[in-house]
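Going by the UniProt record's numbering, the sequence shown opens with residue 1, and the numbers climb by one from there.
Glycine is no exception: its CB is placed at the ideal position from the N, C-alpha and C atoms.
Source: prediction; values computed, not measured.
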Amino acid sequence: MTRRVRSKRILSFAEVAVQAANSKLFREYIGAESESIKLTDVPINSKVEFHFILAFAMDYTNGNSPSPSNGKFNIFWEFNHLGPGEIASIKHGHSNVKVAVSLGGDTVGDGKAFFAPNSIDSWVKNSVSSLTNMIKEYNLDGIDIDYEHFHSDPSTFAECIGQLIMSLKKSGAISFASIAPFDDEEVQSHYLALWKKYGHVIDYVNFQFYAYDKISVSQFVSYFKKQASNYAGGQILASFISGGGGGLKPDDGFFEACSELKGEGILGGIFIWCADESTKLGFEYEKSSQDFLASA
């Protein structure tokens with residue numbers, strides 16, 4: 001990681017973590033599961049920094065039998081109500097809103113979505129070109145990396161993703177980038193290789209704490225600190241899945257865990273998977289998450 005300097009003094013990890021905790025950052029994935037979900041459906045608290053993350057863009061061909069396209073990204077989110085006009089409108093109406101696109105995901109068609117570059121140079125060239133066009137068309141602000149299956153070694157993944165982020169930032173196409181790893185040996189090997197070499201250009205870590213089995217408050221805090229150590233110096237966000245599954249849900253003590261992390265100065269924000277699943281809950285957790293962050 002590149003050290004952050006203020007007043008000619010090197011910031012400690014604890015000081016960096018406190019700065020991250022004060023960001024009041026709320027992020028939510030949207031568009032992966034619903035054709036009717038709208039950006040305007042989701043409540044937005046003006047006192048937080050709000051990121052919508054479109055899920056997903058994939059470097060796969062469109063059609064009945066999608067196949068890897070070596071960095072040529074296409075839209076796979078449900079874009080009926082998540083198009084350029086809707087994005088421009090929500091950003092115009094809410095100055096605290098930014099929109100990113102997540103790359104990769106778990107599945108495509110009837111199979112797993114793999115990171116499968118032909119070569120580093122060709123993948124980077126194609127991805128920079130295709131994503132730059134997508135970012136301009138949809139007025140996006142950042143990218144999120146959520147590859148979960150790999151037909152490449154960690155070093156190749158690190159170079160491809162690291163060079164992509166650096167290129168998009170250098171050109172001004174994006175202002176931030178995040179990664180979304182979870183606690184799986186293969187997944188972690190790839191993302192930690194990326195972090196080791198290119199962590200200085202990655203702004204947020206959307207760690208998927210809901211990928212754990214159901215856990216307690218103390219376990220959540222322990223896992224959070226473990227990942228904060230793995231991705232040392234990073235802005236780590238706490239997370240839960242609104243539609244059920246693993247991890248720690250709000251009704252089971254999620255905000256209690258967040259309060260403990262905030263008290264220690266290591267809570268970098270909150271993100272939710274996903275708005276599509278939250279519709280049936282009336283976006284209760286989105287409201288309570290943003291209220292919690294706004295009160296910090």
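In this structure, DSSP gives leucine 194 a helical state, which the three-state scheme calls helix. Rounded to whole angstroms, the gap between the alpha carbons of glycine 233 and serine 175 is 19 Å. In this model, serine 152 and serine 295 are separated by some 43 Å (Cα to Cα). Look at the beta carbons and you see the stretch 244-256 touching the stretch 199-216: at least three pairs across the two are nearer than 8 Å.
Leucine 25 is bridged by DSSP to Glu49. For serine 127, same chain residues with a beta-carbon under 6 Å away, outside a window of 5 residues either side, are Gly71 and Leu164 in chain order.
Per DSSP, reduced to three states, the secondary structure at asparagine 74 is strand. If you compare the alpha carbons of Glu35, Asp59 and Val101 with that of phenylalanine 114, the shortest gap goes to Asp59. Under DSSP, isoleucine 30 forms a beta bridge with Leu54. At the C-beta level, phenylalanine 73 and leucine 131 come within 8 Å of one another.
The residue among Trp77, Glu148 and Phe182 with its C-alpha nearest the C-alpha of lysine 226 is Phe182. Short of 6 Å from the beta carbon of alanine 173, and not among the five residues preceding or following it, lie these beta carbons of its own chain, in chain order: Thr132 and Ile135. Leaving aside the five residues that flank proline 66 on each side, the residues in its chain whose CB is nearer than 6 Å to its CB run, in chain order, Tyr60, Val108 and Gly109.
Between proline 154 and alanine 100, the beta carbon gap of about 24 Å keeps them out of contact (Cβ cut-off 8 Å).
For glycine 93, the enclosing alpha helix (DSSP H) covers residues 84-93.
Around the beta carbon of leucine 281, fewer than 16 other beta carbons sit within 10 angstroms, so the residue counts as exposed.
Taking the CA atoms as reference points, glutamine 235 sits about 15 Å from isoleucine 143.
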